[in-house]
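In the UniProt record's numbering, the protein residues as written are 1 to 152.
A short worksheet on the structure shown next.
Dropping the structure here:
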């Protein structure tokens, strides 16, 4: 995987970006913000493709997690990245600090964590992809089991 496979990431509350990270310049920040403004309220996961990039979103608990990636990277890695930052963010700020944080006020604290997760997912993409596939299979089995229990 190339260094540029994960390009930009942020965590937002509503449409207010609390923390972000990118090592690259480009209009992907503008496109990501436009997508954030138009995200369907019902979806917990959303992906938009443009200009050879994917704009991937995960909404959970009033916060939206985003990563922009090259299209060739694949959804397993981008969604695994989003789950990682969601878990880390929830662990770090679940006590309420994020609920009152102002725009980009968590950049200093959480921006470096976004960078670390981006680097990890790129450097260990095969491992991350396999783990994401296994988690998806487990979730699928759980859903089937729930449906079977409901039918009984």
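Where is the CB? At the ideal position from N, CA and C, for every residue including glycine.
This one's a predicted model, so the numbers in the text were calculated from it and none came from an experiment.
Check: Where residue 95 falls, given that 16 or more other Cβ within 10 Å makes a residue buried; Outcome: exposed
Check: Residue nearest to residue 49 in terms of C-alpha spacing, selected from 31, 58, 41 and 26; Outcome: 31
Check: Helix, strand or coil at residue 124 according to DSSP, with G and I counted as helix; Outcome: coil
Check: Beta-carbon proximity of residue 36 to residue 64, cut-off 8 Å; Outcome: yes
Check: Strand pairing of residue 84, partner residues [DSSP]; Outcome: DSSP output for residue 84 lists no bridge partner at all.
Check: Residue range of the unbroken beta strand (DSSP E) whose run includes residue 24; Outcome: Unbroken run through residue 24: none, as it is neither H nor E.
Check: Beta-carbon contacts of residue 69 that lie in its chain and below 7 Å, excluding the five residues immediately before and after; Outcome: 5, 6, 7, 53, 54, 56 and 78
Check: Cut-off 8 Å between Cβ atoms - residues of its own chain near residue 75, not counting five sequence neighbours on either side; Outcome: 47, 54 and 56
Check: Distance between residue 82 and residue 67 (C-alpha atoms, nearest Å); Outcome: 7 Å
Check: Assigned secondary structure, residue 69 (DSSP; H/G/I helix, E/B strand, else coil); Outcome: strand
Check: CB of residue 19 within 8 Å of CB of residue 39, strictly; Outcome: no
Check: Residue 13 to residue 102 span [Cα, whole Å]; Outcome: 9 Å
Check: Cβ-based burial, residue 118 [other Cβ within 10 Å; buried from 16]; Outcome: buried
Check: Assumed close pair residue 16, residue 10 - CB separation to whole angstroms, cut-off 8 Å; Outcome: With 8 Å as the limit, residue 16 and residue 10 do not qualify as a contact, their Cβ atoms being about 10 Å apart.
Check: Own chain, CB closer than 6 Å to residue 21, minus 5 neighbours either side, in chain order; Outcome: 9, 111, 114 and 115
Check: Reduced DSSP category for residue 20 - H, G, I as helix; E, B as strand; rest coil; Outcome: strand
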